[in-house]
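*Asks:* This is the structure, below, for whatever I ask next.
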Ligand SMILES: Nc1ncnc2c1ncn2[C@@H]1O[C@H](COP(=O)(O)OP(=O)(O)OP(=O)(O)O)[C@@H](O)[C@H]1O
Ligand SMILES: [Mg+2]
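Right, dumping it as structure tokens:
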């Protein structure tokens with residue numbers, strides 16, 4: 338299958354919260370496209386709007402948030418090996434409590450939440466969570482029905498209880514839960530934090546979603562379990578052509594998993610590139626600073642890792658024009674604090690939001706005066 342078949346498009350997404358001290362622009366004009374079978378990584382410092390973007394794709398923005406923009410899901414209706422019927426669903430326009438989004442959530446688009454407890458119900462066992470997801474959403478081919486002139490459509494059939502239990506035990510085993518035959522009957526409070534996270538991963542993967550949103554999916558896990566889970570995700574990518582939106586602070590993991598990476602800063606995308614290009618030649622000064630903070634093999638341990646200058650700004654007092662300018666080592670006074678940079682294409686599959694790469698803006702008179710004074 339072609340990798341360029343669109344699955345989810347997020348266009349000019351804005352999520353603003355009116356709070357006592359002003360407006361928090363959690364997401365402020367963010368765009369991303371995810372194709373079928375593709376892994377897109379999203380990286381950026383804490384608070385830049387990664388989880389909020391993920392929740393918007395699930396239509397789970399908190400009620401006090403005001404959301405604008407478009408979230409388009411290309412839902413596959415049926416396929417017969419030759420042709421595919423796809424319909425566009427505007428997720429942002431669905432009732433967050435309605436039937437339509439419930440069919441999509443969990444089944445077509447599943448999410449591993451950053452906080453495992455938020456998606457596990459304390460009164461249900463680990464196994465029940467998986468059984469419910471499988472019963473509701475898993476496509477099990479049944480009899481062939483429909484339009485015999487052009488295509489045959491396979492009807493979904495109900496999964497039997499015995500089959501669902503088998504799937505649940507198998508999924509728990511595959512996410513590295515020891516003694517899954519017993520653990521399947523455990524309640525969330527009887528599991529450790531890492532086990533709860535693995536149960537949530539098992540629930541999300543058990544329905545074979547079109548898109549898996551993985552928000553810091555492996556933070557509570559030790560490295561061998563992490564490797565096992567990442568392998569499982571890749572395996573599902575191969576077998577059911579699942580796409581992944583991978584959100585993480587772990588640049589090593591994202592480098593290994595993602596085909597393409599979007600770098601986010603204060604609710605906007607600031608750079609987008611193929612993973613190899615981004616790591617080999619980061620363009621935005623923010624991306625360079627993020628990458629400089631990863632330890633490299635061979636570095637002396639007493640050498641301090643680079644940190645990004647300054648702090649993420651207060652959402653109530655955002656810097657003018659380029660919001661990164663007060664922290665930027667390449668800051669051009671009179672320019673970066675005056676002209677909001679556009680997200681522009683600078684090469685094949687390479688985009689960046691930075692005036693260093695935008696020749697359409699000559700120096701302002703103020704910038705020239707500042708430069709002249711410095712000479
Ligand atoms: N219900 C809410 N009301 C007001 N502001 C909120 C609400 N939920 C989130 N925010 C704010 O939205 C911004 C983005 O939050 P988000 O959780 O998306 O960040 P993140 O990039 O996922 O960070 P992290 O890496 O720490 O997970 C933050 O400034 C946060 O304080
Ligand atoms: Mg988050």
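Residue numbers (our numbering): 338 to 712.
No residue lacks a Cβ here, since even glycine has one placed at the ideal position from N, Cα and C.
From a predicted model like this one, the values you see are computed outputs, not experimental measurements.
Please indicate yes or no: does the CB of residue 360 lie closer than 7 Å to some heavy atom of ligand 1?
*Replies:* Residue 360: no, Cβ never under 7 Å from ligand 1.
*Asks:* Mind checking whether residue 652 and residue 361 have CB atoms under 8 Å apart?
*Replies:* A contact, by the Cβ cut-off of 8 Å.
*Asks:* Thinking just about the alpha-carbon of each residue, which of 429, 500, 447 and 424 is nearest to the one in residue 464?
*Replies:* Cα-wise, what sits closest to residue 464 is 500.
*Asks:* Ligand 1 heavy atoms versus the CB of residue 609: any closer than 7 Å?
*Replies:* Residue 609: no, Cβ never under 7 Å from ligand 1.
*Asks:* Whose CA, out of 660, 472 and 506, lies closest to the CA of residue 497?
*Replies:* It is 472.
*Asks:* Tell me which residues share the same chain as residue 530 and place their Cβ nearer than 6 Å to its Cβ, disregarding the 5 neighbours each side in the sequence.
*Replies:* The residues are 557.
*Asks:* Please report how far the alpha carbon of residue 696 lies from the alpha carbon of residue 548, in whole angstroms.
*Replies:* For residue 696 and residue 548, the distance between alpha carbons rounds to 38 Å.
*Asks:* Cβ-heavy atom distance between residue 356 and ligand 1 below 7 Å?
*Replies:* Checking the Cβ of residue 356 against ligand 1 gives yes.
*Asks:* Among all the DSSP beta bridges, which residues are the ones paired with residue 387?
*Replies:* None; residue 387 has no bridge partner.
*Asks:* Measuring CB to CB, does residue 598 end up less than 8 Å from residue 378?
*Replies:* In contact: residue 598 and residue 378 (Cβ atoms closer than 8 Å).
*Asks:* Between which two residues does the alpha helix (DSSP H) holding residue 465 run?
*Replies:* Its alpha helix (DSSP H) spans residues 463-474.
*Asks:* Near residue 594, what residues of its chain come up, given a Cβ to Cβ distance below 6 Å and the 5 sequence neighbours on each side ignored?
*Replies:* Hits under 6 Å: 376 and 583.
*Asks:* In three-state DSSP terms, what is residue 344?
*Replies:* In this structure, residue 344 counts as strand in the three-state DSSP scheme.
*Asks:* Residue 622 to residue 690, Cα distance in whole Å?
*Replies:* So the two alpha carbons sit approximately 10 Å from each other.
*Asks:* Using 8 Å as the Cβ pair cut-off and three pairs as the minimum, do the region 532-542 and the region 506-516 touch?
*Replies:* Yes, since at least three Cβ pairs between the region 532-542 and the region 506-516 fall closer than 8 Å, the two stretches touch.
*Asks:* Using 7 Å as the cut-off, classify the Cβ of residue 375 as near or not near the heavy atoms of ligand 2, replying yes or no.
*Replies:* Every heavy atom of ligand 2 is 7 Å or more from the Cβ of residue 375, so no.
*Asks:* Would DSSP call residue 532 helix, strand or coil?
*Replies:* Correct three-state label for residue 532: helix.
*Asks:* Does the beta carbon of residue 456 fall short of 7 Å from some heavy atom of ligand 2?
*Replies:* For ligand 2, not one heavy atom lies less than 7 Å from the Cβ of residue 456.
*Asks:* Take residue 692 and list the residues in its own chain whose beta-carbon comes closer than 8 Å to its own, dropping the five residues that flank it on each side.
*Replies:* So the qualifying residues of the chain are 659, 669, 672, 673, 676, 678 and 698.
*Asks:* Measuring straight from C-alpha to C-alpha, what distance separates residue 534 and residue 560?
*Replies:* Going from the Cα of residue 534 to the Cα of residue 560 covers about 14 Å.
*Asks:* Could you compute how far the alpha carbon of residue 382 sits from the alpha carbon of residue 611?
*Replies:* Each residue's Cα considered, the two are about 20 Å apart.
*Asks:* Which word fits residue 521, buried or exposed, when buried means at least 16 other C-beta atoms lie within 10 angstroms of its C-beta?
*Replies:* Looking at its Cβ environment, which holds 16 or more other Cβ atoms inside 10 Å, residue 521 is buried.
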